[in-house]
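Residue numbers (the numbering used here): 38 to 294.
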């Protein structure tokens, strides 16, 4: 039988589930640590979500004239997301590993140095009683100038995706701009929400030569970083040649709704 308690103008419900009390709630967004101990009010069923780390954008070029580097680096790909509903013992401990963000690629000095691609993120997973119940793979880094390709999106190894992960943007040929960083995800922590995961925003690629526009990372979790643009650094403002890193992954656990 439901237990109903009035608290001011709000009402909280606790439901009996196989002899256990269930009070809807969640863990909040977890971005550090390796475990979470469930309260004794989760009931026997919980929902888990993992987001893998996003990747960094590829480096731009500090030379254009006389070197032919007019195409920027590609944007980093987003980490995958994976969801699962599992049966647990209330009060049990859930273990996890949270994926790190991929670092920004370094810019090249035209033909005089090679620069680097953006770094890939790393995997996020949750285990319970020694078994992996949800796991998402990370995004791949964008290519360094003038290889304009954006990094690929991460995927799902265990569980089901709520949203399709997005790839990093490919830099526009000969435009001196970098590719966009892939959009990450925003997690809704409102108890009782019916939509848990939505897309964040994309990161900006470095702006056109002499624009001074830095690249930026996408938002919020598991996003890609923007690729660096191109600029003749001994003549023009060259803030645009720097790529951005991805953003780290996250874990979210909820029950009763």
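Every residue, glycine too, gets a C-beta built ideally from N, C-alpha and C.
Residue j beta carbon less than 9 Å from that of residue i
i           : j           : result
residue 287 : residue 123 : no
residue 254 : residue 282 : yes
residue 328 : residue 178 : Residue 328 lies beyond the residue range present for the chain, which begins at 38 and ends at 294; the question has no answer from this structure.
residue 306 : residue 206 : Because the chain here runs from 38 to 294, residue 306 falls outside it and cannot be looked at.
residue 90  : residue 284 : yes
residue 259 : residue 280 : no
residue 305 : residue 196 : The structure shown has nothing for residue 305, since the chain only spans 38 to 294.
residue 176 : residue 202 : yes
residue 173 : residue 84  : no
residue 226 : residue 65  : yes
residue 250 : residue 267 : no
residue 289 : residue 57  : no
residue 114 : residue 204 : yes
residue 152 : residue 139 : no
residue 243 : residue 199 : no
residue 88  : residue 293 : no
residue 147 : residue 92  : no
Residue i, DSSP secondary structure in three states
i           : result
residue 118 : strand
residue 149 : helix
residue 84  : strand
residue 278 : helix
residue 47  : Residue placement at residue 47 is flagged as unreliable, the pLDDT there being 35, under the threshold of 50; the coordinate-derived value follows with that caveat. In the structure shown, residue 47 sits in a strand (DSSP, three-state: E or B).
residue 111 : coil
residue 172 : strand
residue 133 : strand
residue 252 : coil
residue 141 : coil
residue 77  : coil
residue 238 : coil
residue 287 : strand
residue 72  : strand
residue 293 : coil
residue 184 : coil
residue 226 : coil
residue 199 : coil
residue 273 : coil
residue 193 : strand
residue 57  : strand
residue 38  : Residue placement at residue 38 is poorly supported in this model, since its pLDDT is 31, which falls under 50; the coordinates still yield a value, given next. Coil at residue 38, not helix or strand.
residue 103 : coil
residue 233 : coil
residue 66  : coil
residue 161 : strand
residue 98  : strand
Beta-carbon separation (whole angstroms), residue i vs residue j, contact threshold 8 Å
i           : j           : result
residue 252 : residue 237 : That pair is no contact at about 16 Å.
residue 275 : residue 99  : 6 Å
residue 82  : residue 133 : Not quite, the Cβ-Cβ distance comes to about 18 Å (not below 8 Å), so this is no contact.
9 Å Cβ cutoff, residue i in contact with chain C
i           : result
residue 169 : The chain inventory of the structure shown lacks chain C, comprising one protein chain alone.
Between the region 109-127 and the region 209-227, are three or more C-beta pairs nearer than 8 Å? yes
Segment contact, 8 Å Cβ cut-off, at least three pairs: the region 158-177 with the region 121-132: yes
Evaluate contact between the region 183-196 and the region 58-78, counting only Cβ atoms and requiring at least three cross-stretch pairs below 8 Å. no
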